[in-house]
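Here the structure comes first, spelled out in structure tokens, and everything after it is commentary.
Residue numbers (UniProt numbering): 1 to 137.
What follows is the structure, encoded as structure tokens:
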């Protein structure tokens, strides 16, 4: 994890694999700052939506136990919101390096529209090749 000093606090920039481990261990709250339309087509499982245009720091979950990691499409909006939160005195804030694009490039699963039907049925998807199952030679 990379850190950037902002006054007396630090902004954490999380690599996709680091965030996946922390999310699965329930050590972080993942908040997506993209628009509702972007969130509707693809998102990380378990993420909460709080669009940048409507962001309300007072509505953030309690940070006593879990860190808050912000995400967006490519890491630019999440870094901007995170810097603003840290500048206003909040701690334990980070963002995902490369955003959802970086997450998908790392081969990690995300939730999205079914590519075959275009229906609103959600499924886990991954760019990582999946091993063949049930084959016996």
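Glycine is no exception: its CB is placed at the ideal position from the N, C-alpha and C atoms.
field: Contiguous beta strand (DSSP E) assignments of at least 3 residues, all confined to the region 19-55
entry: 28-32
message: I'd like to know whether the C-beta atoms of residue 33 and residue 61 end up nearer to each other than 8 Å.
response: Looking up residue 33 in the chain shown gives position 33. Looking up residue 61 in the chain shown gives position 61. No, these two residues do not count as a Cβ contact at 8 Å.
Own chain partners of residue 75 with C-beta closer than 7 Å, once the 5 adjacent residues on each side are dropped: Your numbering for residue 75 matches position 75 in the chain shown. Here the set comprises 95, 96, 97, 98, 99, 102.
- prompt: In chain order, what residues of the same chain have a beta carbon less than 7 Å from the beta carbon of residue 136, not counting five sequence neighbours either side?
  reply: Here residue 136 refers to the residue found at position 136 when the chain shown is read from its first residue. At residue 136, the pLDDT of 44 sits below 50, so the modelled position is not reliable and the matter cannot be decided from this model.
- prompt: Nearest to residue 107 by alpha carbon, out of 5, 15, 4, 7?
  reply: Taking the first residue of the chain shown as position 1, residue 107 is located at position 107. Minimum Cα distance to residue 107 is reached at 15.
task: Can you check DSSP and say which residues form a bridge with residue 2?
output: Position 2 of the chain shown, counted from the start, is the residue given in the question as residue 2. For residue 2, which the question treats as bridged, DSSP gives the partners 13.
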